[in-house]
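Engineer: Mapped onto UniProt numbering, the consecutive letters of the sequence shown carry residue numbers 1 to 333.
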Amino acid sequence: PNRRVAVPEDKKDKKKKKKEAKKKDKKKKDKKAKKGKKKESSSSSSGSDSSSSAAKEKQEAKKRKKDDKKDDAKEDEAPGEIIPVVPQALRLENLVPPEEGVRRFTFDVEEQGPLGLRFSGGFPPMILSTVENSFAAKKGIPANWEVHAINGHALVKQNQEVVMSCLKSRPLALDVRPPGWKPKEKMLLLQKKRELEEAERVARVEMEERRREHVAREAAEQAERDAQERAAREEQERAERQRLEKRAREEVARQRAKEEDFERELAKDPPDLRKFAADLMEADYGSEVKAPGRRRGAPLRMFTRRKEVAWLWAGELQELIGGGEADPGDTWT
1 PNRRVAVPED KKDKKKKKKE AKKKDKKKKD KKAKKGKKKE SSSSSSGSDS SSSAAKEKQE
61 AKKRKKDDKK DDAKEDEAPG EIIPVVPQAL RLENLVPPEE GVRRFTFDVE EQGPLGLRFS
121 GGFPPMILST VENSFAAKKG IPANWEVHAI NGHALVKQNQ EVVMSCLKSR PLALDVRPPG
181 WKPKEKMLLL QKKRELEEAE RVARVEMEER RREHVAREAA EQAERDAQER AAREEQERAE
241 RQRLEKRARE EVARQRAKEE DFERELAKDP PDLRKFAADL MEADYGSEVK APGRRRGAPL
301 RMFTRRKEVA WLWAGELQEL IGGGEADPGD TWT
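1) Return the bridge partner residues of aspartate 175 from the DSSP annotation.
2) Between the alpha carbons of alanine 277 and arginine 254, how many angstroms are there, rounded?
3) What do you get for alanine 223, buried or exposed, if any count of 16 or more other CB atoms within 10 angstroms of its CB means buried?
4) Span of the beta strand (DSSP E) holding leucine 190?
5) Which residue or residues does DSSP assign as beta-bridge partners of arginine 118?
6) How do the region 201-218 and the region 144-155 stand: do at least 3 beta-carbon pairs fall below 8 Å, yes or no?
7) If contact is defined by three or more beta carbon pairs under 8 Å, each pair taking one atom from either stretch, is the region 196-203 in contact with the region 156-172?
8) Kindly identify the DSSP beta-bridge partner or partners of alanine 154.
9) Report the three-state DSSP secondary structure of arginine 170 (helix, strand or coil).
10) Taking all protein chains shown into account, decide if arginine 212 is buried (16 or more other Cβ within 10 angstroms of its Cβ) or exposed.
11) Do phenylalanine 135 and isoleucine 127 come within 8 Å of each other at the CB atom, strictly closer than that value?
12) For lysine 138, report the span of its alpha helix (DSSP H) as first-last.
13) If the criterion is Cβ atoms closer than 8 Å, does the pair proline 171 and leucine 92 meet it?
14) Closer than 7 Å: is that where the CB of arginine 230 sits relative to any heavy atom of the ligand ADP?
15) Rounded to whole angstroms, what is the Cα-Cα separation between aspartate 175 and asparagine 144?
16) What first and last residue would you give for the alpha helix (DSSP H) that runs through aspartate 269?
17) Could you give the DSSP three-state label for valine 86: helix, strand or coil?
18) Which same chain residues end up closer than 7 Å to proline 84 when comparing Cβ atoms and leaving out the 5 residues on each side of it in sequence?
19) Within its chain, find whatever has a CB closer than 6 Å to the CB of proline 114; leave out the 5 residues flanking it on each side and keep chain order.
20) Flag this pair as yes or no: are the beta carbons of aspartate 269 and proline 292 separated by less than 8 Å?
21) Using the rule of at least 16 other Cβ atoms within 10 Å of the residue's Cβ for burial, across every protein chain shown, is alanine 149 buried or exposed?
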């Protein structure tokens, strides 16, 4: 398909003049044809020669119209032709200065030929290496840097054709940037984002520290309360234990005093009676024990001198042998 290209103003004026001249020629030819028709109609005595000449003129008029249409079509198609336009030479001083962190290397008209750079694929391309003794090596273009712009055109896919054509032209302005470079505005946004994230992180850390301090303080207070309660409880238990021990000691002393009084009361009986009662209780069933110097035997109280057989001992009622339960084999009931 034909590609539309801008045409200079002087060529447009020439085409307009040609069209106007052709239109004037058409008008003149049409006037002549009309005059010929009028003459044919006015002359009644015209013969066969005049009719044949009129037919020829009609055919010629049709041919002229066809030729005019072809010329008009050619003129209409002419603007679609590819007309080479000589681009204006780049002026390096008109370019916008490179951004911060971007380095610019210029190549003058005298430096024709290859730049001496090896690029990687993709956009933006990376400078893989520089050829020794080339223009790029002499200018010190660093390797492993990305191409930022060429003649002010950013290295994006939309500008691929433009930047490829610019590489062959001179003068040339090559802007390169280090890996990971970002525009100043984006760096400021990233810095603000990092500052916000850092502020949020610091706030979270402070909140966590306050929470931990609060938990530790509560734990310490609870431990202190528990220690106080435990100390109070232990003190109370110790006091209760001392009270019970004192009471038990007093009870033991009281009981011992009663037993001593009871034993002193028992000791008032004569020794021979006490011996007789002891022998009688120790004697086997059916054996004979004589009471020393007595006719009627020993009094009943003498048989309660031992605690295990006494009903009442030192004023305390004693438990019966067998736990107070009736013996089914007892024949004395």
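Just so it is clear, CB atoms sit at the ideal spot from N, CA and C, and this is done for glycine as well.
Structural biologist: In short:
1) Arg104 and Ala149
2) 28 Å
3) exposed
4) Here leucine 190 belongs to no beta strand (DSSP E); instead the alpha helix (DSSP H) covers 184-266.
5) Ser129
6) no
7) no
8) Ala149
9) coil
10) exposed
11) no
12) 135-139
13) yes
14) Among the components of this structure there are no ligands whatsoever, and the ligand ADP is therefore not found.
15) 14 Å
16) Unbroken run through aspartate 269: none, as it is neither H nor E.
17) The predicted position of valine 86 is uncertain, since its pLDDT is 40 and thus under 50; no value can be drawn from it.
18) In this prediction, proline 84 has a pLDDT of 40, which is less than 50 and means its spatial position is unreliable; nothing more can be read from the coordinates.
19) none
20) no
21) buried
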